[in-house]
Ligand code: GLU
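Numbering (the numbering used here), first residue to last: 939 to 1385.
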């Protein structure tokens, strides 16, 4: 494979799809050396095949808002690669959603799902619907309208969507209710992230954040260090940041910042249970304002408008909100302030310049597809429970999640250890994720 040739070809076919092209370039550049040791990959054109989705569904979603006005949105499902199993990946509701964004996320999902070692193919979907400011009834009507189109293309053995940005337990409930009614079957494996009691798995809401902290815990231990007393800055206040904040606090770390689109809350004395619970309320309110944390807990949280979490001095930076949210200048500020570790929890949360800056400064950097894989892994465990008509306890799920994250960490070390003994986690995750998919594609023939 020659990365530049492949990228030039892809850029010509997909002009302007920058996030998708950025994601592909990162994977190809890091796997190139290993790939070229395998003439069978080149002969079967694995890379040329893997960069194009199997198919993309794009559809109109029409619904009526609370004022009686008709609203029109676009809906998508990208079914990217099914070498390892039925398509699996979240649904994102956000005004910036477009085909390029979902292709980048779907592409990343292939390798993330591969890292979990579960039988999960890669997919992603969503809509440019903006949940901010919407009432509960509007959210429900939108989810029902979205499912009117999507239902035919999903199912336990076909494609199993879950939540992502803007899609949490409430939305999955409305989506599943509509699916069940239209498809006329209670096929619980058709969606994950369901609530406990009607097919959901305990620990799924916490899983992405918990898993990320399990991974960071290993990064820290690798350096003979411990999470105890470490100061952590997080961006976001959704499910992912919520889980990470709780697990990090439980393991003795201190959350010093959380941020939102409006600014940052600097936290003194760490976060407590009341504050964790309030994060859920903030998310459910659809106001999308982190300032509300400072209004509710004025003695603990100090709000500054227009600033990111990365201005706060910390030992560990964990972007948990959106892609490209941590720029090169943010990384440089974190480094100048003495950051010791960086772990991307949002998919592609760090811009390429930020990753390069961390790596050049010798800061261990964990990439999103490995760090945040605990979410989809627990979705895989939810599907297992659905298929077997069983419910594992929270401890059982947590144990399995912890083991999966440890195994992912070990894979990243195995494939990412460099001659100087340092670990390139980005390279390790990409090679490990890619090899499993490529070998499956070879075994399944040219199709
Ligand atoms: N949206 C999450 C992710 O990016 C979860 C996907 C899932 O559980 O299927 O991995």
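We treat Cβ as the ideally placed atom computed from N, Cα and C, and that holds for glycine.
In this chain, residue 974 is not harboured by any alpha helix (DSSP H), its DSSP state being neither H nor E. Annotation: residue 1029 is outside any alpha helix (DSSP H); the continuous beta strand (DSSP E) that includes it extends over 1025-1031. In the DSSP assignment, residue 1134 falls outside any alpha helix (DSSP H), carrying neither H nor E. Per DSSP, reduced to three states, the secondary structure at residue 1094 is coil, with no helix or strand assignment. Shown here, residue 996 sits in a strand according to DSSP, grouped into three states. Taking the CA atoms as reference points, residue 1178 sits about 27 Å from residue 1374. One thing to note: residue 1306 has its Cβ no nearer than 8 Å to the Cβ of residue 1291. Secondary structure of residue 1122 (DSSP, three-state): coil. The residue among 1325, 1280 and 1002 with its C-alpha nearest the C-alpha of residue 1124 is 1325. Residue pairing for residue 1223: DSSP places it in no beta bridge. Residue 939 has its alpha-carbon roughly 7 Å from the corresponding atom of residue 980. Per DSSP, residue 1164 is not a residue of any beta strand (DSSP E), being assigned neither H nor E. The Cβ atoms of residue 1190 and residue 1102 do not sit closer than 8 Å to each other. Residue pairing of residue 1212 in beta bridges, as defined by DSSP: absent, with no partner found. In this structure, the CA atom of residue 973 is about 25 Å from the CA atom of residue 1024. Comparing alpha carbon positions, the residue from 948, 1109, 1224 and 1250 closest to residue 1196 is 1250. Collapsing the DSSP output to three states places residue 1194 in a strand. Residue side-chain check: residue 1164 keeps its Cβ at 7 Å or more from all non-hydrogen atoms of the ligand GLU.
Taking C-alpha positions only, residue 1034 is separated from residue 1259 by approximately 14 Å. Rounded to the nearest angstrom, the Cβ distance from residue 1085 to residue 1116 is 4 Å, consistent with a contact under 8 Å. Where residue 1045 is concerned, the enclosing alpha helix (DSSP H) starts and stops at 1037-1053.
Rounded to whole angstroms, the separation of the alpha carbons of residue 1069 and residue 1077 is 7 Å.
DSSP places residue 1064 in the strand class (E or B) of the three-state scheme. Where residue 1354 is concerned, the enclosing alpha helix (DSSP H) starts and stops at 1332-1354. Within the model, the alpha-carbon separation for residue 975 versus residue 951 is close to 28 Å. By the Cβ test, the segment 1005-1012 is not in contact with the segment 948-962, since fewer than three Cβ pairs between them sit closer than 8 Å. Around the beta carbon of residue 1032, 16 or more other beta carbons lie within 10 angstroms, which makes this residue buried. In the DSSP assignment, residue 1088 falls within the alpha helix (DSSP H) that extends over 1074-1088.
Less than 8 Å separates the beta-carbon of residue 1281 from that of residue 1154.
By the Cβ neighbour-count rule, residue 1010 is exposed, with fewer than 16 other Cβ atoms within 10 Å of its own. The Cβ atoms of residue 1037 and residue 1285 do not sit closer than 8 Å to each other. 1013 is the residue among 1049, 1013 and 1330 whose C-alpha sits nearest the C-alpha of residue 1040. Taking all protein chains shown into account, residue 1362 has 16 or more neighbouring C-beta atoms within 10 Å of its C-beta and is therefore buried.
The beta carbons of residue 1044 and residue 991 sit closer together than 8 Å. Excluding the 5 residues flanking it on each side, residue 1092 has same chain C-beta neighbours closer than 8 Å at 1015, 1098, 1099, 1117, 1128 and 1129, in chain order. With contacts defined as CB atoms closer than 8 Å, residue 1371 and residue 1352 fail to qualify as a contacting pair.
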